[in-house]
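Residue numbers (this note's numbering), protein chains in the order written: chain P, 1 to 530; chain S, 1001 to 1530. Each residue gets a CB set at the ideal place from its N, CA and C atoms; glycine is no exception. Just below is one structure, and these are the notes that go with it.
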């Protein structure tokens, strides 16, 4: 992902990162975010511990946090300066020549290595991973990834020193799988923190609602030690399903992770943000949560199904403009919330020009006033569209300190951490061996369409994989952009069963000769292995 | 449409209403709303006449208008009390026994007449219309309709007394057709005003941008007397098309009409609101604009295509909750913005219950606090869902004075007048004679699905219309709800070419014996006549 004013260039290092779920906490757990379990004795209304995430999300908090000139929060006591987040690569790349300190071919502009897990190191579900970086542009690879088994434990009710406690059973109660891609900007720190943290946040959020998830339908009440019988009339009427709790847990986990990243970056004196694309399989369903401009698709024999939408200043124009309409203070008089076909100039004053406001899908004409000459809230279009002239995405994690250059205008109220979640019922779909989910950051989708990626995946299906060079040649013919080939090779050369018998070495030939604008990372998952 | 606290019962009267476009204004026009033409000499930046609609839509205006305890606008000077809006029926029903004062069979609970235009009175494009009312429930039919030719004129540049003027050419420059349904609540006044006004607002808005509409692509600048050459780089890149101007004109026309209704109702001391569903054909495209819970579908031989979405407190939950999050003052401490499966009681305090906030699609659990026991911002679901316990729709026209019973809490900031607009390229669709657009208020869709309506429309297609009783019998067999039959008969018995040869009298037999919950109105249009 490219953030116009955030791009760095330079060198690149590699490392390892903890991609596995955090070890189980012994004994009683701390409150796991908003949806978390409560100790019954402490359930005082308004207790800040009961709903920490949500309590923060009040209008008072919003105004304190974002409105310039409003009452400011009391200054926090200074905290000991933590050490910076160490740069790492995903753990599953260890041994593939990508650990920090390894001499790295990507320093050479003529050779852009494609990193993938070493042979024999399997990712869950025959998943494959590949990443590529343009060494000339970035010192660090800002794309990060994580994958692993998701072990959801169950709370049990116990008594300890005359007090009721919820305790955690150490055994797995429900298991799933988790894959995630994070595309950083303004440095790799936020992406590394997200790769280290988000799965733990999700596990905690899921553990807080797991009793509801395994009930026939989520009960209205969820107490610490039993599922209280609720009035089925109400719950049934609302049509609340177990999957709605997983969607809610993903939404809460993104928020919790965002808060963790904000604290950690502040403590370590670092900055930055990242997009997040997460796929989770649980109870026969596939959940894809996306905040940013990465993308996931499902490739089947006769179908290409998008599993996510991109969140950019362009796709979220009306939401962003509406916030600026409701709170113009957020723009501090420096920007206009209106959209014009281009930035207006003094010559345009008094002219009737095309424009759109927050409530409009269509366009109209208006007479240009002085205030319309300000810099537009969303400027440019397509890959060049920027929120407040600064950021190319409208959702993601981190960026708590990000302000418009030389101003006090914050990006965060416009930038959301909430993901959009798509749910796929894998049982209903009757998945086949050749059905593949492809997740990738924007570097891939900038050069290849969904159909091109699907075409390539299909060319490696069992019936089509006789000639490993077929896809390469075909793509070279169809698409003169050599960068595309690199991406495709990156994804194909490191993949083995079931849809490729290609010799990895033969595929790596020629890699790095293309012209890569961006770094990118890609995961592909054979979903029928659920 | 049923507004829980707004429903009246009682008697019913009929009348006629001006459904034709208003006569052309002679000479220079008044400023036609935000996108309107400007006289060049008056184009001062910030001139209140230049952008009347938009200028009102500032955050200052929003806060003055809606925030309790905020600075109030200066009281308006008292205006002469206008006479109430007279009750009428659509003009094209004249002669069908529906004029005011005619003895009306609907007073008898056992006979519910279906009103339709008299034989020989053609609506544009072989369109048909039918309405039905439950005489026991409402004194007035709150559904209104309008249809007619849309004559867009063109401005010409002239000189008058040493001043430059824009003048309107009396000739039609561009023509289209217009059909509209308005479903009133809290009385018929808003629906009547909308039926009298909206087409004029739309005509003015279109006339203000017509030069852009007929250009190869809308120019960046639109001056009063010429289309200034713009930098094609910018306009082209944004992908702005002529149809975007029509969409914008529809959006602006709804807003303008809403303002007119607000002024007229205030002046006449009346109240109420209405939904609005509008279909417009122009330059080979069909535009469907919807604000409320009416619906339009396109029925083709092998396809049923929805042309609108319903806007209800349920379908717009997140938008409504988000506004309450950003401005909790709008709820005046009386409501909670959170959604629960049912209204919470004192017993629920301290329990963990299912909930959703503005940023959530999924559900989670939270510990119930005192503030959660307030009445929910959106309560109930399906047809019972109510915004602030009051209104069943979240978009529509009017309701400027509507407040929650016995409070100062206004519905209007949550209730939007902006429509969603769907565009259909009729040329690309290769429309056939049997392709029919069906528009109806919620009374029809409450008892019939899209597929049932399509099935019935198809049963009258040229190849299927041998037996006029076929559809009736089949529906009676398939659907034991006799109300459905009434609706279907209502739509079928009054229709002639091309898809029905039914004898109207035979179809009216048995009408009125069903159990109608609501009044409803329905328009069907043979779109291939464009």
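- The beta-carbon of residue 351/P is placed less than 7 angstroms from the nearest beta-carbon of chain S.
- Residue contact with chain P for residue 1446/S: absent (no Cβ-Cβ distance below 7 angstroms to any residue of chain P).
- Within chain S, not a single residue places a beta-carbon under 9 angstroms from that of residue 260/P; the smallest gap is close to 18 angstroms.
- As a beta-bridge residue in DSSP terms, residue 1276/S pairs with 1182/S, 1291/S.
- The beta carbon of residue 1382/S is closer than 8 angstroms to those of 1314 in its chain, skipping five residues each way along the sequence.
- Around the C-beta of residue 126/P, 16 or more other C-beta atoms lie within 10 Å, and the residue is accordingly described as buried.
- Taking C-beta atoms under 8 angstroms as the contact rule, residue 1203/S and residue 1152/S qualify, at a distance of about 6 angstroms.
- Between residue 412/P and chain S, the shortest Cβ-Cβ separation is not below 7 angstroms.
- Residue pairing by DSSP puts residue 1143/S in a beta bridge opposite 1183/S.
- Less than 7 angstroms divides the Cβ of residue 1274/S from the Cβ of residue 1397/S.
- With a cutoff of 7 angstroms on beta-carbon distance, residue 282/P and residue 335/P are scored as not near each other.
- Chain-order list of chain S residues neighbouring residue 61/P: empty, with the shortest C-beta distance near 10 angstroms, by a criterion of under 8 angstroms.
- Look at residue 1402/S here: in three-state DSSP terms it is coil, with no helix or strand label.
- Taking the CA atoms as reference points, residue 1286/S sits about 10 angstroms from residue 1278/S.
- Closer than 7 angstroms to the CB of residue 363/P there is at least one CB belonging to chain S.
- Within chain P, 59 have C-beta atoms less than 7 angstroms from the C-beta of residue 1328/S, given in sequence order.
- Residue contact with chain P for residue 1176/S: absent (no Cβ-Cβ distance below 7 angstroms to any residue of chain P).
- Burial of residue 1444/S is indicated by the presence of at least 16 other C-beta atoms within 10 angstroms of its C-beta.
- Under the three-state reduction of DSSP output, residue 1371/S falls in the helix class.
- Runs of alpha helix (DSSP H) with 4 or more residues, each lying fully within the region 277 to 343 of chain P, are found at 317 to 326, listed in chain order.
- For residue 1439/S, the uninterrupted beta strand (DSSP E) segment begins and ends at 1436 to 1440.
- Out of 65/P, 251/P, 123/P, the CA that lies nearest to the CA of residue 525/P is found in 123/P.
- Residues of chain P with a Cβ closer than 9 angstroms to the Cβ of residue 1252/S are, in chain order, 360, 362, 364.
- Taking a Cβ-Cβ threshold of 9 angstroms, none of the residues of chain P is close to residue 1320/S; the smallest such distance is about 13 angstroms.
- A Cβ-Cβ distance of about 7 angstroms is found for the pair residue 144/P and residue 194/P, placing them in contact under the 8 angstroms criterion.
- Within the region 378 to 393 of chain P, 381 place their CB atoms closer than 7 angstroms to a CB of chain S, listed in sequence order.
- Interface flag for residue 400/P against chain S is unset, since no Cβ pair is found closer than 7 angstroms.
- Around the CB of residue 95/P, fewer than 16 other CB atoms lie within 10 Å, so the residue is classed as exposed.
- For residue 238/P, the residues of chain S that pass the 7 angstroms Cβ criterion are 1341, 1381, in the order they occur in the chain.
- For residue 130/P, the three-state secondary structure derived from DSSP is strand.
- Going by C-alpha positions, residue 265/P is about 13 angstroms away from residue 184/P.
- If you check the CB distance, residue 437/P and residue 1359/S do not come in under 7 angstroms.
- The beta carbon of residue 1439/S sits no closer than 7 angstroms to any beta carbon of chain P.
- At the C-beta level, residue 140/P and residue 188/P come within 7 angstroms of one another.
- Beta-bridge analysis with DSSP links residue 352/P to 367/P.
- Here DSSP, grouped into helix, strand and coil, assigns residue 124/P to helix.
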